[in-house]
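Asks: I'd like to ask you about the structure that follows.
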Amino acid sequence: MPMIRIFLTFFVLLGATSLANAGRVTLEVATEKGVAVTATHKWVKALQSAGFDDVRLRSGHGGDATDLVDKGSGNYHIIALLTPGDVLITPGGRFKMNDVAGMRSWLEKVRAGGKKELERQESVFGLTSQEFVALYEKLSPTVGAKTKDTTPFDTLQTINQRLDVEFRATPSVVARMKQGKVLDELENVSCGTAVAALLRPLGLAMVPRRETGGDVELHLVDSAAAKKPWPVGWTPDGNPGQVAPGMFQYLEVEIADIPVQQAAEAIAARVKLPLLWDHNGAAAKRIDIATAKVKHPARRTFYKKLLDTILFQAKLNLEIKVDEAGHAFLWVSPLGK
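Letter by letter, the sequence shown follows residues -22 to -1, 1 to 315 of mature numbering (1 follows the signal peptide of the UniProt record, and there is no 0).
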């Protein structure tokens, strides 16, 4: 229950906190030659609607330029230009009169951090490159505890204690995490990959988000609402043999009609690599990994080829991936996914 209270407090108080900390943003608009007087009145209304604390229009001069002046204590003064083409030019922005939503979004960034916030260059997950690298590193610690057959909620609590990053979820998502079991052993997998893997069978996903001016947080959401979820592992750089050399060692082997899950997990144990299943994908393709039988004739082969062979019989595919710590693991999903 304490975890639920934390989430509820976050969602209820976030807006109030932002308003309480906001300073004043005043706007001075220099109108260029040719701007109609009737248009200036409409612009004042639009800018007031966008949320500026004070709006002043004046006639432009030859040397006018856009500017953002930090007056301290969260207060900013903006100088903008209004062109005869009915375009408002601000530092880092261009707006038509009907784009009140765009002006509000721009103003929110100014209130949150002035020039620094406006100049953010976002890359993957809506984060800057530096923010993504920092988050990736924060998610690299190994889970370090048994997970299979625990509840996803309990495992997430264990992971949460190892990370310096906040998780956020609604009460309905928390309720779903308290149902069912973690289907794979994630003890030796990094925390980021582990969370993505344990959420997937629940129809949930982990999405990094950064509110304007705030810290990066991990939101646990319904998969349908996740445009860019955190993945279950990453494609390794270079040859898979470099990250999982044991997969290319030879052995003499024979497998006679046993379930694919049993066979694959026995092989994974031999090569000492975690094995994670795409349970959602298998269910969607009606593949029962606990009952689908596989076999392999007595012969000499290497571990990866052996796994490829038996998984193909069950219409499954093997990938060697790495987690956030750079450690290899095996990811099994349906063919064609």
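Each residue gets a CB set at the ideal place from its N, CA and C atoms; glycine is no exception. These numbers were taken from a predicted model, which means no experiment stands behind them.
#1: On a Cα-Cα basis, can you pick out the residue from Gly41, Ala270, Val173 and Gln157 that is closest to Asn138?
#2: What span of residues does the beta strand (DSSP E) with Pro237 cover, start to end?
#3: My assumption, with CB atoms under 8 Å, is that Glu6 sits in contact with Arg34. Please give the rounded CB distance.
#4: Going straight from the alpha carbon of residue 316 to that of Lys20, what length do you get?
#5: For Val194 and Arg187, what's the separation of their Cα atoms in angstroms?
#6: Within 10 angstroms of its Cβ, does Arg89 collect 16 or more other Cβ (buried), or is it exposed?
#7: Going by CA-CA distance only, name the one from Val65, Ala123 and Leu176 that's closest to residue 320.
#8: So residue 317 packs on Thr125, CB below 8 Å; how close in whole Å?
#9: Just to check my reading of the structure: Val199 and Val151 have Cβ atoms closer than 8 Å, yes? What is that Cβ distance to the nearest angstrom?
#10: Residues in the same chain with beta-carbon distance under 8 Å from Asp32, minus the five sequence neighbours each way, listed in chain order, please.
#11: Of all the options Asn166, Thr171, Asp127 and Met184, which has the alpha carbon lying nearest to the alpha carbon of Gln157?
#12: Taking only the alpha-carbon atoms, compute the straight-line gap between Leu66 and Leu96 and give it to the nearest angstrom.
#13: Using DSSP's beta-bridge definition, name the partner residues of Leu253.
#14: Taking only runs of the alpha helix (DSSP H) that begin and end inside the segment 270 to 302, which ones reach a length of at least 4 residues, in chain order?
#15: Could you give the uninterrupted runs of the alpha helix (DSSP H) lying entirely in the segment 134 to 163, keeping only those of 4 residues or more?
#16: The beta strand (DSSP E) with His55 in it runs from where to where?
#17: Among the candidates Ala204, Cys169, Val121 and Gly191, whose CA atom is the shortest distance from the CA of Val185?
#18: Three or more beta-carbon pairs under 8 Å between the segment 263 to 274 and the segment 234 to 250, yes or no?
#19: Nearest-angstrom Cα distance between Leu296 and Ile245?
#20: Val300 to Leu85, Cα distance in whole Å?
#21: Hey, how far is the Cα of Gly191 from the Cα of Lys87?
#22: Closest by CA to Lys94, which one among Gly219, Thr16, Arg277 and Asp48?
#23: Excluding five sequence neighbours on each side, which residues of the same chain lie with their C-beta closer than 7 Å to the C-beta of Thr171?
#24: Among Gly216, Asn53, Gly122 and Phe145, which residue has its Cα nearest to the Cα of Leu164?
#25: Could you spell out where the beta strand (DSSP E) holding Pro186 opens and where it closes?
#26: Using three-state DSSP, classify Asn166 as helix, strand or coil.
#27: Classify Ala90 as helix, strand or coil using the three-state DSSP reduction.
#28: For the ligand SAM, is there any heavy atom lying closer than 7 Å to the beta carbon of Gly50?
#29: Opposite Arg72 in the DSSP bridges: which residues?
#30: Out of curiosity, what's the CA-to-CA distance linking Lys250 and Thr106?
#31: Taking the alpha carbon of residue 343 as the reference point, which residue from Met155, Asn76, Leu113 and Gln291 has its own alpha carbon closest?
#32: Measure the CB-CB distance between Leu308 and Pro218 and report whether it falls below 8 Å.
#33: Does the Cβ-Cβ distance between Thr120 and Asn76 come in under 8 Å?
#34: Where do the N-terminal and C-terminal ends of the beta strand (DSSP E) with Leu198 fall, by residue?
#35: So, helix, strand or coil for Val221, using DSSP?
#36: Mind checking whether Pro312 and Ala260 have CB atoms under 8 Å apart?
Replies: Concretely, from the data shown:
#1: Minimum Cα-Cα distance from Asn138 among the listed residues Gly41, Ala270, Val173 and Gln157 corresponds to Val173.
#2: Boundaries of the beta strand (DSSP E) harbouring Pro237: Tyr228 to Pro237, taken from the DSSP string.
#3: Your pair Glu6 and Arg34 checks out as a contact, with CB atoms roughly 5 Å apart and the cut at 8 Å.
#4: As displayed, the chain neither begins before -22 nor continues past 315, which places residue 316 out of reach and without an answer.
#5: So the two alpha carbons sit approximately 6 Å from each other.
#6: Arg89 should be labelled buried.
#7: With the chain covering -22 to 315 only, the question about residue 320 has no answer from this structure.
#8: Lying before the first or after the last residue shown, residue 317 is absent from the chain, which here runs from -22 to 315.
#9: Yes, Val199 and Val151 are in contact; Cβ-Cβ is about 7 Å, under 8 Å.
#10: Correct list, in chain order: Arg2, Thr4 and Leu5.
#11: Measuring from the Cα of Gln157, the nearest candidate turns out to be Asp127.
#12: Straight-line Cα distance between these residues: approximately 16 Å.
#13: Within the DSSP secondary-structure output, Leu253 pairs in a beta bridge with Leu308.
#14: Counting only runs of 4 or more, we get 281 to 291.
#15: Given a length threshold of 4 residues, each whole run of the alpha helix (DSSP H) inside the segment 134 to 163 is given here in chain order: 149 to 155.
#16: Residues Asn53 to Leu60.
#17: The option with the nearest alpha carbon to Val185 is Ala204.
#18: Result yes; three or more Cβ-Cβ pairs closer than 8 Å.
#19: Approximately 13 Å, taken between the alpha carbons.
#20: Looking at the backbone, the Cα of Val300 and that of Leu85 are separated by about 41 Å.
#21: Spanning the two alpha carbons is a distance of roughly 7 Å.
#22: Ranking Gly219, Thr16, Arg277 and Asp48 by Cα distance to Lys94 puts Asp48 first.
#23: Excluding sequence neighbours, Thr171 sits near Val210, Gly211, Asp301 and Glu302.
#24: By alpha-carbon distance to Leu164, the top candidate from Gly216, Asn53, Gly122 and Phe145 is Gly122.
#25: Counting along the chain, the beta strand (DSSP E) containing Pro186 begins and ends at Leu182 to Arg188.
#26: Residue state for Asn166 is assigned as coil, using DSSP reduced to three classes.
#27: The answer is helix: DSSP assigns Ala90 an H, G or I state.
#28: Inclusion of the ligand SAM in the displayed structure is not the case, the ligand content being empty and no account of it being possible.
#29: Bridge partners of Arg72: Ile67.
#30: A direct Cα-to-Cα measurement between Lys250 and Thr106 gives close to 36 Å.
#31: Residue 343 lies beyond the stretch modelled for the chain, which goes from -22 to 315, so this question has no answer here.
#32: In this structure, Pro218 does not lie closer than 8 Å to Leu308 by Cβ.
#33: Cβ atoms of Thr120 and Asn76: not closer than 8 Å.
#34: Note, Leu198: beta strand (DSSP E), Val194 to Asp200.
#35: Looking at Val221 - three-state DSSP - the assignment turns out to be helix.
#36: Contact flag set, yes.
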